[in-house]
Each structure stands twice: as structure tokens, then as C-alpha cells.
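Numbering (the working numbering), first residue to last: 182 to 655. In what follows, a single structure is set out as C-alpha cells and then discussed.
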Ligand code: AMP
């Protein structure tokens with residue numbers, strides 16, 4: 182897992198900005214070249230171009246354990262493939278389009294009806310505001326009017342501010358044993374449940390919470406682990422066997438596991454409530470996205486100490502490691518175009534679902550046993566602090582407009598896809614070689630474009646150029 186993610190200490194929730202940021206309104210602020218009418222057609226164009234390049238390479242022989250539909254991403258027009266069609270309803274479908282032939286687990290799970298897990302809105306959460314600001318906002322001082330803010334005195338904790346008899350009472354909400362509490366007697370999984378409780382009953386507060394003061398502008402969300410139980414995504418601890426560590430991620434170790442006789446990947450979340458919300462936010466998004474070229478969520482395990490996110494196992498690891506370790510000797514042109522096509526198909530699906538990845542790069546694409554590539558980490562929610570200031574943006578993969586204005590969209594994902602293409606054809610080199618990180622933005626803004634990697638087919642370089650030119654046109 183890359184290390185630039187903003188850990189967002191003190192921000193356990195998913196900001197509405199991140200969520201809204203995932204919705205590409207397709208507001209195009211550029212003059213669009215005549216051959217490209219929108220990022221949407223850009224990605225479709227890229228898919229089609231790559232498909233024609235694919236056809237130049239010999240079609241791989243179909244392994245006996247592979248169905249025809251498994252081969253679709255490599256052989257059939259993307260428009261015709263079932264996995265390309267957006268899931269129209271918010272209710273999760275049984276994963277019938279699962280392509281990994283070895284993943285019977287997913288087929289077994291398809292017998293269960295599982296539903297999408299939604300995030301809960303927290304309009305009353307005002308983030309990092311001071312005590313004075315809270316008191317200024319809470320007017321008129323009606324009994325029971327309330328908001329929640331981040332604690333200034335106890336970073337990581339919260340403060341519930343409630344109006345009562347013309348004054349504002351401030352209650353510290355602290356984390357204890359991974360749960361939230363005001364009185365050390367009643368404990369809650371998250372802020373939404375805490376607020377819900379005190380809306381029903383004062384239970385020791387000066388007054389019951391009767392009216393929330395909604396935050397203006399971006400609002401926050403949280404996820405309730407129980408929602409995963411209700412939606413049918415929970416795996417019992419005893420059903421999962423844990424094996425060795427296979428990677429290190431933002432939230433903790435990634436382990437190999439065995440679930441229902443199949444190998445799976447298990448992302449472990451250590452005892453950390455702040456990260457828990459982001460972890461669950463990722464999982465909640467994954468419950469709604471099903472595509473052959475996205476790493477599939479199988480379920481979650483909750484126990485007292487840990488939360489595990491169980492996904493399909495991608496035995497060949499991250500694409501960047503795959504390219505670097507095998508290199509030119511082993512990675513063929515056909516492999517390269519297939520990786521590019523698969524990733525593009527996954528991204529086209531995300532676009533069709535109005536989801537913006539924000540962190541597409543070869544390190545976040547995983548390779549399956551059958552060599553298909555799947556986009557991972559597509560549910561990582563970014564809080565509003567995810568900005569340049571933290572120095573944590575993946576500068577070399579991020580579109581200039583996203584860097585400058587913190588504006589992420591399917592278009593900025595497309596820029597990252599252009600960089601990823603370059604990574605694929607350079608066998609995993611770090612982009613913009615020989616340009617110091619500090620100078621990359623300046624160079625790109627001046628119109629600098631990377632040279633094609635050695636041996637990169639001109640058709641593929643044309644796609645890269647088209648992407649960068651499209652994004653650079655003002
Ligand atoms: P992540 O937290 O998703 O960035 O994962 C960190 C590392 O763990 C990756 O770079 C992979 O090496 C490994 N990993 C994550 N997910 C999987 C998976 N589904 N299958 C195999 N390896 C994985």
C-alpha cells in the first residue's frame with residue numbers, strides 16, 4: 182500500500198466531499214478537442230483502441246477451466262460484455278459475472294442475497310470547529326438544538342454541544358475500548374448511533390437532543406458495522422482460516438486466508454476506531470460494485486479486537502511488482518495490452534457507476550492467477566484534508582487540475598490511467614524518471630509529456646498522448 186494516504190487522524194468519517202467527489206458531474210471546464218467530446222468517450226475510445234491492439238496479438242488459448250465469459254475482457258467488444266453494464270439498482274446483485282474460475286467461493290456466496298451497504302449521513306457533524314464557533318452557530322438557543330464537533334482539547338475525541346436554558350453544554354465524547362461514550366456507561370459503535378440514542382432519551386444529558394444544526398456545505402457520513410450484518414456481508418470468524426502475511430496496507434497487514442476451501446485475501450484493521458470508519462467506508466462502496474476487473478469483496482469479519490475485510494485473492498500480487506519482477510523477459514506485449522485493457526474496463530465500469538477512484542496506479546492494480554488485472558483500493562474514501570498540503574497526493578499520477586484545485590473526477594482518473602499505461606509499457610518504472618518530484622507539477626503544467634517507454638507500440642503511445650492532451654487543453 183502506498184504511504185501517501187492522508188491518515189486523517191481525528192477524521193474518522195467519510196466526508197461528503199469525498200463522496201460527492203466520487204460523482205462526476207461531467208462538468209467540463211476545458212475546451213474539448215473535436216475528436217473527444219467528454220472523458221466518457223475518452224475512456225470508451227481508449228477501450229476500443231486497446232481492443233484493436235489486442236486483436237493484433239494472438240488470442241490466448243482458452244484454459245480448460247475457463248468459461249467463454251471469462252475470456253470476454255480479452256476478446257469481445259466491451260460494449261457487448263455483460264460485466265460492462267452498470268448495475269442499475271442500488272441492491273447488490275448476486276455475483277453471477279464473477280470471472281475468476283478458481284473462485285468458487287464467490288459462486289457459493291451468490292446463493293445468498295446480499296445488499297448494498299449505505300453510509301449514514303451525519304448532517305450535525307461540523308468537524309474541527311472551536312467551542313466559540315459552536316456557540317456562535319447554535320442559535321437561537323432552543324432547548325435540544327445540537328451539533329457534534331471534533332474535540333480541540335482531546336484530539337481524536339468529539340464534543341457534543343447542546344443548547345439548554347439559553348446556554349450551550351459541551352459533552353466530551355471519548356473513545357474507550359474502540360467505542361464511543363459520554364458517561365462510561367453506554368457505548369456506541371459510531372457517532373450516528375450515539376446521536377440516535379440521545380435523540381430518544383436525555384439519559385443523563387441536560388436535555389434530549391431534539392433538533393440538529395446541519396452543517397453548511399460538505400457533510401460527513403459514517404458507517405455502522407451492523408449494516409453489514411443486516412446486508413448479509415458478515416463472515417463468521419470460525420469460517421476463515423488465516424495464513425501468512427502477503428502485504429502491508431494502509432489499514433494494517435494483508436494476510437492470505439482460506440474461506441470455504443478457497444484462498445482469499447484478508448485485510449486486517451488493527452484496533453483503531455478512527456481508521457475503522459474509513460475501512461468500513463471502503464467496504465460499503467465495495468458492496469455496490471461488481472465487475473470482473475475490480476477486486477471483489479467477499480465479506481467482513483467482526484470480532485472484539487479486529488475487523489477483517491475479505492476479498493478475492495489475487496495470487497500474482499500488485500501489477501507494479503509483477504512488471505518489475507518479471508520484466509521484459511517474461512511480460513509479453515499481449516500481457517501488457519491485456520493488463521491495460523482490463524484496467525481500462527474496470528475504470529469504465531467505475532465511471533458508469535459514477536465512482537471516482539482517485540488513486541489509480543499500477544501499485545493499486547492486482548494480478549490474478551489467470552493473469553487478468555483488477556483494480557483495487559477503489560473504495561478508499563478521502564476526507565476533505567486529502568490535499569496537497571499534506572504532501573500525500575500521488576503527485577506523479579494525479580492530474581494537474583486535481584492537484585491544483587483538489588478536484589477529482591473520472592477525467593482525473595483518466596489522467597492516472599495514462600500514467601498507468603506508461604508504467605505498464607516501462608515494466609513498472611517510476612513515472613517521470615530523472616525529474617525531481619518537486620519539479621514534476623511545474624513541468625507538466627508547462628506541457629511536458631513523457632517520452633514513450635522503449636518498445637511501446639505507437640498506438641498505445643497515441644492513447645497516452647490523447648489522454649494527456651485532452652486533460653491539458655484549457
Ligand atoms: P492494499 O492495502 O490494498 O494496498 O494492499 C497492500 C498489498 O497487499 C498489495 O500491494 C498486495 O501485495 C497485497 N494484497 C492486497 N490485496 C490483495 C489481494 N486481494 N490478493 C493478493 N494480494 C493482495
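C-beta atoms are modelled at their ideal positions from N, C-alpha and C, and glycine is treated no differently. Bear in mind the structure is a predicted one, so any value in this text is a computation, not a measurement.
**Report entry** Where residue 508 sits in the DSSP three-state scheme
**Finding:** helix
Query raised in the report: With a CB to CB cut of under 7 Å and the five nearest residues on each side skipped, what residues in its chain are close to residue 379?
Result: Around residue 379: 386, 389 and 390.
Query raised in the report: Considering only residues of the same chain and omitting the five flanking positions on each side of residue 434, which have a CB-CB separation below 7 Å?
Result: Hits under 7 Å: 426 and 449.
Requested in this report: Indicate the three-state DSSP secondary structure (helix, strand or coil) for residue 401 in the structure shown.
Outcome: strand
**Report entry** Own chain partners of residue 408 with C-beta closer than 6 Å, once the 5 adjacent residues on each side are dropped
**Finding:** 298
Query raised in the report: Per DSSP, which one or two residues make a beta bridge with residue 301?
Result: 403
Requested in this report: With a 10 Å radius around its C-beta and 16 neighbouring C-beta atoms as the bar for buried, classify residue 640 as buried or exposed.
Outcome: By the 10 Å Cβ count, residue 640 comes out exposed.
**Report entry** At least 3 beta-carbon pairs within less than 8 Å: the region 493-509 vs the region 539-552
**Finding:** Below 8 Å, enough C-beta pairs join the region 493-509 and the region 539-552 to call them touching: three or more.
Query raised in the report: Where are the beta strand (DSSP E) runs, 3 residues long or more, that stay fully inside the region 454-542, in chain order?
Result: Whole beta strand (DSSP E) segments, 3+ residues: 478-483 and 488-493.
Report task. Would you be able to state if there are at least three C-beta pairs under 8 Å between the region 440-447 and the region 457-475? Result -> no
**Report entry** Meets three-Cβ-pair contact criterion under 8 Å: the region 527-534 and the region 466-478
**Finding:** A contact between stretches requires three or more CB pairs, one per stretch, nearer than 8 Å, and the region 527-534 meets this requirement with the region 466-478.
Query raised in the report: When DSSP labels each residue in this structure, what does residue 306 get in the three-state scheme?
Result: strand
Query raised in the report: Does the beta-carbon of residue 438 have 16 or more other beta-carbons within 10 angstroms, so that it is buried, or is it exposed?
Result: buried
Requested in this report: Just confirm the distance between the C-beta atoms of residue 394 and residue 319, as a whole number of angstroms; I'd bet it's less than 8 Å.
Outcome: Right, the Cβ-Cβ distance comes to about 6 Å (below 8 Å), so this counts as a contact.
Requested in this report: Starting from residue 312, trace the beta strand (DSSP E) both ways and give me its first and last residue.
Outcome: Per DSSP, residue 312 belongs to no beta strand (DSSP E); it is in the alpha helix (DSSP H), 312-318.
Query raised in the report: Which class does residue 620 belong to by DSSP, given the choice of helix, strand or coil?
Result: helix
Query - Touch test, the region 308-326 against the region 341-349, Cβ-Cβ under 8 Å, three pairs minimum - result: Note that the region 308-326 touches the region 341-349; at least 3 beta-carbon pairs, one per stretch, sit closer than 8 Å.
Requested in this report: Between the Cα of residue 227 and those of 629, 622 and 592, spot the shortest distance and give me the residue it belongs to.
Outcome: Out of 629, 622 and 592, 592 has the C-alpha closest to the C-alpha of residue 227.
Query raised in the report: For the ligand AMP, any of its heavy atoms closer than 7 Å to the Cβ of residue 446?
Result: Yes; taking the cut-off as 7 Å, the Cβ of residue 446 has a heavy atom of the ligand AMP nearer than that.
Query raised in the report: How many whole angstroms separate the CB atoms of residue 357 and residue 474, which I take to be in contact at a CB cut-off of 8 Å?
Result: No, residue 357 and residue 474 are not in contact; Cβ-Cβ is about 42 Å, not under 8 Å.
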